Amino acid sequence: MSLLTDALDRVLNWFQDHEDLEFAHFESLELGLTYEEIEEKVTDLLPFRLPKEVYELYQWGNGACIGEERYARFFKNYIFLSL
Numbered sequence: 167m168s169l170l171t172d173a174l175d176r177v178l179n180w181f182q183d184h185e186d187l188e189f190a191h192f193e194s195l196e197l198g199l200t201y202e203e204i205e206e207k208v209t210d211l212l213p214f215r216l217p218k219e220v221y222e223l224y225q226w227g228n229g230a231c232i233g234e235e236r237y238a239r240f241f242k243n244y245i246f247l248s249l
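As numbered in this note's numbering, the sequence shown has no gaps in its residue numbers, which increase by one up to the final residue, 249.
What follows is the structure, given as structure tokens:
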């Protein structure tokens, strides 16, 4: 496990332990993608390579679908959208 995914797991666990807080929701956080799935989604769309940390992030979790973003807020108005 990398430092990034370890930190993301700790943040997620903290939020799950403090469910009563109104500023974060993870009900619609999608499962992570494989490296190959991420490549398929971004290779033709972007004229540059994404940093490895972006791949790690989306391997950890694929955010929330549009329309479900109110259920996947990390901090009030910050939304982690899926690819």
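Cβ atoms here follow ideal geometry from the backbone N, Cα and C, with glycine treated the same way.
Just so you know, these numbers come straight off a predicted model, no measurement behind them.
Contact check, residue i vs residue j, beta carbons under 8 Å
i, j, result
"Leu247", "Gly229", "yes"
"Gly227", "Leu249", "no"
Three-state secondary structure (DSSP) of residue i
i, result
"Leu254", "In the structure displayed, the chain extends from 167 to 249; residue 254 sits before or after that span and is not available."
"Leu223", "helix"
Pairwise C-alpha distance: residue j and residue i
i, j, result
"Tyr224", "Pro213", "19 Å"
"Asp183", "Glu206", "35 Å"
Beta carbon proximity, residue i to chain D, threshold 8 Å
i, result
"Val208", "No chain D appears in this structure, which consists of one protein chain only."
For residue i, the residue or residues it bridges with in DSSP
i, result
"Ala230", "Leu247"
Inter-stretch contact at 8 Å, needing at least 3 Cβ pairs: the stretch 212 to 230 / the stretch 169 to 189:
yes
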